[in-house]
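In terms of our numbering, the sequence shown opens at residue 188 and continues consecutively.
The beta-carbon is built from N, C-alpha and C at its ideal position, and this holds for glycine as well.
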Amino acid sequence: MWLNPVSSCFPNLKPYSYSSSTPPPPPTTTVKALMAMKTTEESDVGIFCYISQLPGFRGILKQRYSDFMVNEVDTEGNVVHLTNLEAPPEVVKENGAKTQDSASKDYSAEIEKFRSLAGGEDVERLEGLISQINSGSEDGVMPIVLSPDYDKAHRTAVHNFFKENLKFLVTDAVDGPDASSKCIRVRLNSGGQNGRGRNSKKRKERGDKPFDSRGTDDWSEHVGKFLRFHLYKENKDTQEALGIIGKMLGIQPRAFGFAGTKDKRAVSSQRVTVFKQFASRLAALNDRLIGIKVGDFCYVKEGLSLGQLLGNRFTITLRGVVADSEDTIHASANALGKQGFVNYFGLQRFGSGSVPTHLIGASLLRGEWKSTVSMMLEPREGERDVITEARKYYKETNDIDGTLRKLPRHLVAERAILQCLKKCPGNYSQALKAIPRTLRMMYVHSYQSYLWNHAASMRVQKYGTDRVVVGDLVYCKGNETEKVIGIVSSECVDENVNDENCDDTFDPSHLDDISETNIPEARVNVVKAVTAEDIDNGNYTIDDIVLPLPGSRVIFPENDIAAVFHDLAKKDAISLTESVHNVKEFSITNVTGSYRRVFQKPMDFEWELLKYIDGNIPLVETDFEKIDKTKPVNVHKEDPTSVNGDGSLHDSIKQSECSANEIELQKRDIEVEDKGEKLPQVESLGGTNSQGTQIALKLSFTLPSSCYATMAIRELLKTSTSVAFHKTLN
Numbered sequence: 188m189w190l191n192p193v194s195s196c197f198p199n200l201k202p203y204s205y206s207s208s209t210p211p212p213p214p215t216t217t218v219k220a221l222m223a224m225k226t227t228e229e230s231d232v233g234i235f236c237y238i239s240q241l242p243g244f245r246g247i248l249k250q251r252y253s254d255f256m257v258n259e260v261d262t263e264g265n266v267v268h269l270t271n272l273e274a275p276p277e278v279v280k281e282n283g284a285k286t287q288d289s290a291s292k293d294y295s296a297e298i299e300k301f302r303s304l305a306g307g308e309d310v311e312r313l314e315g316l317i318s319q320i321n322s323g324s325e326d327g328v329m330p331i332v333l334s335p336d337y338d339k340a341h342r343t344a345v346h347n348f349f350k351e352n353l354k355f356l357v358t359d360a361v362d363g364p365d366a367s368s369k370c371i372r373v374r375l376n377s378g379g380q381n382g383r384g385r386n387s388k389k390r391k392e393r394g395d396k397p398f399d400s401r402g403t404d405d406w407s408e409h410v411g412k413f414l415r416f417h418l419y420k421e422n423k424d425t426q427e428a429l430g431i432i433g434k435m436l437g438i439q440p441r442a443f444g445f446a447g448t449k450d451k452r453a454v455s456s457q458r459v460t461v462f463k464q465f466a467s468r469l470a471a472l473n474d475r476l477i478g479i480k481v482g483d484f485c486y487v488k489e490g491l492s493l494g495q496l497l498g499n500r501f502t503i504t505l506r507g508v509v510a511d512s513e514d515t516i517h518a519s520a521n522a523l524g525k526q527g528f529v530n531y532f533g534l535q536r537f538g539s540g541s542v543p544t545h546l547i548g549a550s551l552l553r554g555e556w557k558s559t560v561s562m563m564l565e566p567r568e569g570e571r572d573v574i575t576e577a578r579k580y581y582k583e584t585n586d587i588d589g590t591l592r593k594l595p596r597h598l599v600a601e602r603a604i605l606q607c608l609k610k611c612p613g614n615y616s617q618a619l620k621a622i623p624r625t626l627r628m629m630y631v632h633s634y635q636s637y638l639w640n641h642a643a644s645m646r647v648q649k650y651g652t653d654r655v656v657v658g659d660l661v662y663c664k665g666n667e668t669e670k671v672i673g674i675v676s677s678e679c680v681d682e683n684v685n686d687e688n689c690d691d692t693f694d695p696s697h698l699d700d701i702s703e704t705n706i707p708e709a710r711v712n713v714v715k716a717v718t719a720e721d722i723d724n725g726n727y728t729i730d731d732i733v734l735p736l737p738g739s740r741v742i743f744p745e746n747d748i749a750a751v752f753h754d755l756a757k758k759d760a761i762s763l764t765e766s767v768h769n770v771k772e773f774s775i776t777n778v779t780g781s782y783r784r785v786f787q788k789p790m791d792f793e794w795e796l797l798k799y800i801d802g803n804i805p806l807v808e809t810d811f812e813k814i815d816k817t818k819p820v821n822v823h824k825e826d827p828t829s830v831n832g833d834g835s836l837h838d839s840i841k842q843s844e845c846s847a848n849e850i851e852l853q854k855r856d857i858e859v860e861d862k863g864e865k866l867p868q869v870e871s872l873g874g875t876n877s878q879g880t881q882i883a884l885k886l887s888f889t890l891p892s893s894c895y896a897t898m899a900i901r902e903l904l905k906t907s908t909s910v911a912f913h914k915t916l917n
């Protein structure tokens with residue numbers, strides 16, 4: 188993405204004047220006005236200020252996926268890397284119960300019977316699956332996915348065929364290539380057959396747990412029940428990558444645990460756990476996976492849950508750097524390391540569609556159920572044609588079934604609303620509750636972030652960035668307990684979301700607001716207001732200042748910054764102290780709230796200038812490339828039609844080893860998720876030939892899990908991070 192400087196560190200547009208704490212009126216929240224909006228700008232969500240007054244410079248962010256690397260930092264401070272793709276010797280043995288019938292019986296008659304239901308390709312897939320099972324080894328037997336099927340009655344007939352004729356196989360349905368189709372997945376019933384397998388148990392006997400999240404039977408008592416591994420991925424978000432792995436293993440995505448989602452348009456490594464699965468099964472997937480690798484396996488007693496990380500290590504390469512002088516780059520980079528940046532919630536927090544999520548959150552807090560539903564379903568500017576067509580169709584026909592067939596499946600909130608309205612016409616509050624909880628609460632959290640950003644800007648503008656003032660909120664130090672007025676979680680546990688994709692809709696995986704996660708005790712801090720005595724004694728520095736995300740258990744600064752929260756909320760007809768409706772989950776007084784540091788310094792900050800000629804050559808080695816150098820692999824020439832079109836990991840994967848069926852599955856997922864703006868590939872900023880020598884700035888730093896790396900880059904380059912801005916430059 189092209190990044191452009193501004194003439195001054197402070198933009199001319201400010202949310203408040205220095206002489207008054209009265210905030211400007213927030214954006215109009217009528218549905219008609221919302222539909223006219225095309226994208227969210229930084230000023231819309233309170234992002235105005237910089238810390239340093241140094242000039243910015245230009246650069247290209249994420250020209251290649253490997254230009255933006257994210258490595259998770261675990262709770263012990265270890266940076267997570269992919270270092271080994273091999274499965275360790277298994278210390279547990281798989282259940283010896285084999286599918287005896289499948290190994291001894293000729294299934295020619297059943298296959299011919301199946302031929303009357305399915306096409307030739309599906310018959311060949313089934314024959315291959317049975318042949319693999321008959322070879323005598325169940326380890327590594329991958330599920331097959333049949334061709335897309337638009338006929339529910341026919342899919343039912345196929346399910347029944349397997350139940351009646353091939354009982355050692357089980358089936359379920361997965362999403363097809365479009366909203367109106369499904370594909371039947373066929374996999375080995377690893378628990379056996381004829382009433383002996385775990386899938387044959389009644390749900391009551393299984394503790395009401397789904398079959399495929401229970402893992403393998405007959406697990407040793409001396410080994411941890413969770414397999415932990417490192418997930419390496421390129422141009423895929425965490426949920427997407429685990430969805431692909433789950434399909435290939437025949438388990439559901441909810442069987443996996445992870446500490447936080449990582450950027451989509453990036454190369455990232457993170458820890459993942461899965462219940463009772465063998466490392467050999469996952470390691471066998473590496474030859475089939477596209478843009479994904481798994482490794483560094485070990486067995487542990489507990490699975491990972493959201494929030495169990497300290498932060499993330501970023502390695503960011505800005506290409507095509509152009510500045511007044513090299514001294515400007517040196518000064519700006521050093522200032523970022525020493526002074527840090529204003530710890531804003533980035534634009535990703537608010538979605539990149541024409542209806543920002545904080546405005547939906549405000550509507551929910553006001554109890555305007557019908558209006559909120561309209562905001563989420565009405566046609567809007569800037570979306571892909573297939574989405575626009577579905578929205579217009581619903582508005583014109585009110586045909587819910589027809590709209591659901593047209594509406595892409597990744598629009599989770601919209602589909603949940605429509606499905607509920609189909610059952611309960613006119614019950615808009617119930618329809619909003621039908622949205623998955625994590626997603627629907629993100630709208631409220633987004634509004635909290637909107638207030639916080641404005642308050643942070645006012646704090647910077649009114650009191651600067653170099654001193655603590657009376658009434659500022661700080662985390663208490665040592666055993667200090669006098670005048671303690673607030674104890675609450677120290678940060679919203681929201682994972683970094685530095686994804687610069689130009690999505691035309693709200694996707695919760697790009698917001699990563701996990702503030703409902705259980706927070707480790709170490710992250711619960713005591714908060715107090717600074718006194719004149721504290722200032723005289725020099726007890727606190729600018730790094731200690733926090734601001735609240737409004738909720739029922741937080742306190743506000745004891746200076747005029749508190750008015751920012753209340754005045755902005757009042758202009759949105761919202762009270763931060765009492766509810767106007769009885770739906771608790773959409774009430775600000777039912778949200779606990781939290782605190783967030785106003786200023787953040789990057790940790791272990793390093794930078795260097797690099798010179799390069801060819802923009803297609805990686806400037807930093809990825810984890811996989813480091814492994815690739817030490818081990819012979821099957822290499823093929825770059826395929827310009829590769830799934831991601833980036834030529835990174837895929838250059839080293841022999842795609843012919845993947846079945847056509849598996850590649851198609853992964854392509855479908857990528858087509859659904861990869862809605863990002865195409866980035867410039869090799870042209871320099873001046874439009875000169877890519878073979879000319881260019882400069883790149885490589886940055887390496889660590890941030891806590893609640894911080895946005897894009898806000899650090901914004902401070903460095905003094906540029907907007909809005910999608911609209913980058914589109915004009917592209």
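How is the beta strand (DSSP E) around residue 782 delimited, first residue to last? 781 to 784
CB residue 780 to CB residue 744, shorter than 9 Å? no
Provide the residue span of the alpha helix (DSSP H) that contains residue 298, from first to last. 295 to 302
Do you know how far the Cα of residue 449 is from the Cα of residue 906? 23 Å
To the nearest whole angstrom, what separates the beta carbons of residue 452 and residue 771, a pair I think is in contact under 8 Å? So it is not a contact: roughly 37 Å between Cβ atoms.
Within 9 Å of any Cβ in chain B, is that where the Cβ of residue 616 sits? Among the protein chains of the structure shown there is no chain B, as only one such chain exists.
Quick one: Cα of residue 769 to Cα of residue 742, how far? 23 Å
Identify whether residue 335 lies in helix, strand or coil by the three-state DSSP scheme. coil
Which residues in the same chain have their Cβ closer than 8 Å to the Cβ of residue 734, if we skip the five residues on either side of it in sequence? 639, 642, 643, 646, 660, 744, 748, 782, 783 and 785
Residue ranges of each alpha helix (DSSP H) within the region 561 to 610, 4 or longer: 572 to 584, 587 to 593 and 599 to 610
Going straight from the alpha carbon of residue 657 to that of residue 417, what length do you get? 47 Å
State yes or no: is the C-beta of residue 503 within less than 9 Å of the C-beta of residue 472? no
Can you grab the Cα-Cα spacing for the pair residue 489 / residue 430, in whole Å? 21 Å
Using three-state DSSP, classify residue 379 as helix, strand or coil. Model confidence at residue 379 stands at a pLDDT of 43, short of 50, so the residue's coordinates are unreliable and nothing is read from them.
Is residue 376 closer than 9 Å to residue 354 when the C-beta atoms are compared? yes
Once you ignore the five residues that flank residue 391 on each side, which residues in its own chain have a CB closer than 8 Å to its CB? Below a pLDDT of 50, predicted positions are generally treated as unreliable, and residue 391, at 43, falls in that range; no measurement from the model is reported.
Reduced DSSP category for residue 662 - H, G, I as helix; E, B as strand; rest coil: strand
Secondary structure at residue 648, three-state DSSP: helix, strand or coil? helix
N-terminal and C-terminal residue of the beta strand (DSSP E) that residue 793 is part of: 790 to 799
Among 632, 329, 756 and 563, which has the Cα closest to the Cα of residue 467? 329
Which of helix, strand or coil does DSSP assign to residue 640? helix
Out of curiosity, what's the CA-to-CA distance linking residue 811 and residue 518? 34 Å
Cβ neighbour criterion (16 or more within 10 Å) applied to residue 609: exposed
Local Cβ density within 10 Å of residue 732, reported as buried at 16 or more and exposed below that: buried
Just checking residue 803 against the ligand ATP - is the residue's beta carbon closer than 8 Å to any of the ligand's heavy atoms? Absent from the structure shown: the ligand ATP. Ligands present: none.
Near residue 454, what residues of its chain come up, given a Cβ to Cβ distance below 6 Å and the 5 sequence neighbours on each side ignored? 252, 253, 256, 421 and 809
Extent of the continuous beta strand (DSSP E) run through residue 460: 454 to 462
Give the range of the alpha helix (DSSP H) segment to which residue 525 is assigned. 513 to 526
Measuring CB to CB, does residue 237 end up less than 9 Å from residue 528? yes
Contacts around residue 495, its chain only, beta-carbon distance under 7 Å, and the 5 residues preceding and following it disregarded: 262 and 446
Indicate whether residue 331 and residue 372 have their beta-carbon atoms separated by less than 9 Å. yes
Whose CA, out of 531, 655 and 298, lies closest to the CA of residue 635? 531
When 622, 595 and 411 are compared against residue 363, the one with the closest alpha-carbon: 595
Endpoints, alpha helix (DSSP H) assigned at residue 765: Segment: none, residue 765 is in no alpha helix (DSSP H) and carries neither H nor E.
Classify residue 427 as buried or exposed, calling it buried when 16 or more other Cβ atoms lie within 10 Å of its own Cβ. buried
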